[in-house]
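> Have a look at this one before I ask anything.
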Amino acid sequence: MLPRNGATVRRWQHHPLALYLSLAVNAYVLIYVMFHQRTVEKTSTAPADHLLITDYKRAQLAASQPLFGNAWPSLTGGLPEVWALGTLGANESFASDVEANLSPAEREELQALCGRCLHQTITKSVEVRGIGESVFVATGDIPDEWLRDGSVQLSVYLPRLAEHPVLRPIIEGAIRTQAYYILSDPWANSYRKDWVRPDSLGKFERQIGRGGWIATRNFEVDSGAYWLNLLWNYASTEGSLWAAASFLNSSLVHDAAALLVDTWRLEQRHEEASPYRYAELPREGKGALSNYTGMIWSGFRPSDDPNTYGFNIPVNMYAAGSLERLVELNKLVWRDPMLGIAAAKLAEDIRQGIEKFGVVPLPAEKSGSSSSPSTIYAYEVDGLGKALASFDDPNIPSLLSVPLLGYRHYDPEVYGRTRQRILSPANSHYYAGKELRGCGSPHTPHRYVWSLAHCVQGLTSEEPGERADLFRQLLKMQGGNGLMHESNDVDHPGQLTRPLFQWANTMLVVYYEQTFGRSCSPYAEALRLQGVAQREARENLLPRNGGPDLPAYYDRLEQSIPHV
């Protein structure tokens, strides 16, 4: 673990050798990064016709969009994540082709669905304490906060800060709250709104690590990566936030980022070094046997289900991307040489581990040549020769979502073969029924498919017809309350899990805005005003000016954000 004693650090900062060492370390990191970038450019470029639309958008925009205006140098990672882009980068011609595959009624229904989904989190699942000192973001019908869900739920509002400036202190309060959660337990994945004494809980709950702020203690590497990427999304918001670096430059945020890196480095050598144990995992809570790969061991998937093997490939891709972004943030904000070196080294270890262990031969029954089989990405590996290659989970990070994970080293050809396999019966949890077809999960009932996977499939598709068909299926998945859900039965979409699943609502907004290049905000505001009009019509009181009772007289969206 990296030393973090505050007094020691302060004394060292005043030591005469500190400045020289800091300059030397920063020079080393700069040379390392520059050399690594040149190496990547020479070795990992792919033909342009293999790039997805998402990649084109990111490449074009990253070349033309300064992230911090004239006051800051551009960050090497480019744009925010796709869930923080809003309409930025949508292709007008492609959008027209998708719309041509939809009927006018379907287009109108999608606009209304998008409008209903957009304000769900900010009006139903956020609780602001004080004037934004801390902010809790519930996942929906489960009253706890998952770092993963909450980070995406909030990122979708970053492009809307100019419309609603109060969202900035709310997002900042959520970043602070999540940082505190991480400091209280970097292995946990979900947290409570209110602190609970452990001895007030039953033994079963205590046995799985609950108590204090902890709701569930499933170690899922992507949870911390989502928080690191939320920092990135915040800092790289279009138009540049005033003094964004000043907000991030706090001991709370820095120490949470450093603790995540320390914890991940420890979990590279889970077998011999990790203190983490969980009662659901085999071998007295240690999990299936694993060997060093350079990647980060994880006990659980983004679905909260236990891993089969310890090293999840898409999760490690997401973590590596977040670490590369952390290196860039560190240069601009904290300038902590130890953090910069550790994050850069860990990102490189993961990259090498993915290339060595995560790319596996296509199973023989699908391979065109036994002497030179094609390769795909495995979902999980153990570093001892075992791999889970006929499976993907619809929760993100997933193999299907690889182009969206900020991992710039993935091979488009390997991904293309992997994607084709995932969206076929070769995936043990791909289901097709009378009404729906797509990716399911062991986490939900047999023959139930997830709207998250539908949105990801669409965002990674270059085919207008495929995107339109996925939108059409999503309309069938509303389940009676006009929102997205966790999963739906492929034959009877009205049978579903999770009536209120805010992550899915958020991803519907992302998919719509990135496809059509139109903001969901006007649709959401029209629906909100319609609700105000219906509420006020219940009381017969004309305005003092004697004119019609206009919805514009009443509360704004900001007054609907819950405070406690």
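Each number in the numbering used here comes from the position in the sequence shown (counting from 1) with 173 added on.
We put the beta carbon where it would ideally sit given N, CA and C, even for glycine.
Source: prediction; values computed, not measured.
In angstroms, rounded to a whole number, what distance separates the CA positions of residue 292 and residue 732?
Stepping through the sequence shown from its first residue, residue 292 is reached at position 119. Stepping through the sequence shown from its first residue, residue 732 is reached at position 559. For residue 292 and residue 732, the distance between alpha carbons rounds to 13 angstroms.
> Count Cβ pairs between the segment 390–404 and the segment 490–502 that sit closer than 8 angstroms; are there 3 or more?
The segment 390–404 is in contact with the segment 490–502.
> Give a yes or no on contact between the segment 623–630 and the segment 583–591, applying the rule of three or more CB pairs nearer than 8 angstroms.
As far as the Cβ criterion goes, the segment 623–630 does not touch the segment 583–591, which means the pair count is below three.
> Look up residue 716 in the DSSP assignment and say whether it is helix, strand or coil.
One-based indexing of the sequence shown puts residue 716 at position 543. Coil.
> Below 8 angstroms on the Cβ atoms is my contact criterion, and I expect residue 482 with residue 528 to pass it. Report the Cβ-Cβ distance as a whole number of Å.
Mapped onto the sequence shown, residue 482 falls at position 309. Mapped onto the sequence shown, residue 528 falls at position 355. That belief does not hold up - the Cβ atoms of residue 482 and residue 528 are roughly 17 angstroms apart, past 8 angstroms.
> So residue 667 and residue 653 are supposed to be a Cβ contact under 8 angstroms. How far apart are they, rounded?
The residue given as residue 667 occupies position 494 in the sequence shown. The residue given as residue 653 occupies position 480 in the sequence shown. Between residue 653 and residue 667 the Cβ distance is about 6 angstroms, and since that is below 8 angstroms, they are a contact.
> How far does the beta strand (DSSP E) with residue 388 in it extend, from its first residue to its last?
As a working note, residue 388 is residue 215 in the sequence shown. Residue 388 -> beta strand (DSSP E) spans 385–389.
> State buried or exposed for residue 728, treating a residue as buried only when at least 16 other CB atoms are found within 10 Å of its CB.
For this step, residue 728 is matched to residue 555 along the sequence shown. Result: exposed.
> If we ignore side chains and look at the alpha-carbon of each, how far apart do residue 472 and residue 267 end up?
Within the sequence shown, numbered from 1, the residue matching residue 472 stands at position 299. Within the sequence shown, numbered from 1, the residue matching residue 267 stands at position 94. Those two C-alpha atoms are separated by around 40 angstroms.
> Relative to the alpha-carbon of residue 603, which residue among 670, 559, 661 has its alpha-carbon at the smallest distance?
On the sequence shown, residue 603 is found 430 positions in, with the first residue counted as 1. Closest by alpha carbon: 661.
> Over the uninterrupted beta strand (DSSP E) stretch that includes residue 611, give me the two end residues.
Start at 1 with the first residue of the sequence shown, and residue 611 comes out as number 438. It spans 610–612 - the beta strand (DSSP E) in which residue 611 sits, taken as one unbroken run.
> Roughly how many angstroms separate the alpha carbons of residue 363 and residue 535, rounded to a whole number?
Position 190 of the sequence shown, counted from the start, is the residue given in the question as residue 363. Position 362 of the sequence shown, counted from the start, is the residue given in the question as residue 535. Straight-line Cα distance between these residues: approximately 36 angstroms.
> Rounding to the nearest angstrom, what Cα-Cα distance links residue 595 and residue 613 in this structure?
Taking the first residue of the sequence shown as position 1, residue 595 is located at position 422. Taking the first residue of the sequence shown as position 1, residue 613 is located at position 440. Answer to the nearest angstrom: the Cα atoms are 11 angstroms apart.
> On the three-state DSSP scale, how would you describe residue 459?
As a working mapping, residue 459 is identified with position 286 in the sequence shown. The answer is coil: DSSP assigns residue 459 none of H, G, I, E or B.
> Tell me which residues share the same chain as residue 569 and place their Cβ nearer than 7 angstroms to its Cβ, disregarding the 5 neighbours each side in the sequence.
Position 396 of the sequence shown, counting from 1, holds the residue named residue 569. Once the five neighbours on either side are set aside, the close Cβ partners of residue 569 are 475, 625, 629.
> Where residue 431 and residue 512 are concerned, what is the direct C-alpha to C-alpha distance, given to the nearest angstrom?
Position 258 of the sequence shown, counting from 1, holds the residue named residue 431. Position 339 of the sequence shown, counting from 1, holds the residue named residue 512. The straight-line gap from Cα to Cα measures roughly 6 angstroms.
> I'd like to confirm the pairing. Which residues does DSSP put opposite residue 605 in its beta bridges?
Reading the sequence shown from its first residue, position 432 is the one you call residue 605. DSSP lists 610 as partners of residue 605.
> My guess is that residue 341 and residue 307 are in contact by the Cβ rule of under 8 angstroms, so how many angstroms apart are they, rounded?
The sequence position of residue 341 within the sequence shown is 168, counting from 1. The sequence position of residue 307 within the sequence shown is 134, counting from 1. With 8 angstroms as the limit, residue 341 and residue 307 do not qualify as a contact, their Cβ atoms being about 15 angstroms apart.
> Tell me where the beta strand (DSSP E) around residue 633 begins and ends.
Your numbering for residue 633 matches position 460 in the sequence shown. Where residue 633 is concerned, there is no enclosing beta strand (DSSP E), given that its DSSP letter is neither H nor E.
> Use the C-beta contact count for residue 720: other C-beta atoms within 10 angstroms, 16 or more gives buried, fewer gives exposed.
Sequence index remark: in the sequence shown, residue 720 carries index 547 (1-based). By the 10 Å Cβ count, residue 720 comes out exposed.
> Taking its Cβ as the centre, do 16 or more other Cβ atoms sit within 10 Å of residue 651, making it buried, or is it exposed?
Looking up residue 651 in the sequence shown gives position 478. It is buried - the Cβ of residue 651 has at least 16 other Cβ atoms within 10 Å.
> Please list the segments of the beta strand (DSSP E) lying wholly inside the segment 642–703, counting only runs of 3 or more residues, in order along the chain.
Those beta strand (DSSP E) runs which fall completely within the segment 642–703 and span 3+ residues are 660–662.
> Between residue 611 and residue 371, what straight-line distance do the alpha-carbon atoms span, to the nearest angstrom?
Here residue 611 refers to the residue found at position 438 when the sequence shown is read from its first residue. Here residue 371 refers to the residue found at position 198 when the sequence shown is read from its first residue. Answer to the nearest angstrom: the Cα atoms are 41 angstroms apart.
> What are the uninterrupted segments assigned as alpha helix (DSSP H) that are 4 or more residues long and contained completely in the segment 345–405, given in chain order?
Taking only runs of at least 4 residues, the alpha helix (DSSP H) segments lying wholly in the segment 345–405 are 376–380.
> Less than 7 angstroms separating the beta-carbons of residue 479 and residue 453?
Position 306 of the sequence shown, counted from the start, is the residue given in the question as residue 479. Position 280 of the sequence shown, counted from the start, is the residue given in the question as residue 453. Going by C-beta atoms, residue 479 is nearer than 7 angstroms to residue 453.
> Here's a check: name, in chain order, each residue in its chain whose Cβ is nearer than 7 angstroms to the Cβ of residue 605, leaving out the five neighbours to either side.
Here residue 605 refers to the residue found at position 432 when the sequence shown is read from its first residue. Taken in chain order, the residues that qualify are 663.
> Just to confirm my understanding: we take residue 579, look at its own chain, exclude 5 residues before and 5 after, and list those with CB closer than 6 angstroms. What are they?
Residue numbering aside, residue 579 sits at position 406 when the sequence shown is read from its first letter. Closer than 6 angstroms at Cβ, skipping near neighbours: 494.
> Starting from the N-terminal side, write out each stretch of the beta strand (DSSP E) that is 3 residues or longer and does not extend beyond the segment 555–596.
For the segment 555–596, not a single whole beta strand (DSSP E) run of length 3 or above is found.
> Taking only runs that begin and end inside the segment 241–305, name each unbroken alpha helix (DSSP H) of 4 or more residues, in chain order.
Runs found: 265–273, 277–291.
> So, are the CB atoms of residue 386 and residue 368 less than 7 angstroms apart?
Locating residue 386 in the sequence shown gives position 213, where the first residue counts as 1. Locating residue 368 in the sequence shown gives position 195, where the first residue counts as 1. Cβ distance < 7 angstroms, so residue 386 and residue 368 count as in contact.
> Using the rule of at least 16 other Cβ atoms within 10 Å of the residue's Cβ for burial, across every protein chain shown, is residue 707 buried or exposed?
In the sequence shown, counting from the first residue as 1, residue 707 sits at position 534. Result: exposed.
> Should residue 409 go down as buried or exposed, given a rule of 16 or more other Cβ atoms within 10 Å for buried?
As a position in the sequence shown, residue 409 is number 236, starting the count at 1. Residue 409 comes out buried.
> Which of the three DSSP states is assigned to residue 142 in this structure?
Lying before the first or after the last residue shown, residue 142 is absent from the chain, which here runs from 174 to 737.
> In three-state DSSP terms, what is residue 616?
Your numbering for residue 616 matches position 443 in the sequence shown. Here residue 616 sits in coil by DSSP.
> With DSSP as the reference, label residue 550 as helix, strand or coil.
The residue given as residue 550 occupies position 377 in the sequence shown. Residue 550: strand per DSSP, three-state reduction.
> Where does residue 675 land, buried or exposed, given buried means 16+ other C-beta within 10 angstroms?
The residue given as residue 675 occupies position 502 in the sequence shown. Buried, because 16 or more other Cβ atoms sit within 10 Å of the Cβ of residue 675.
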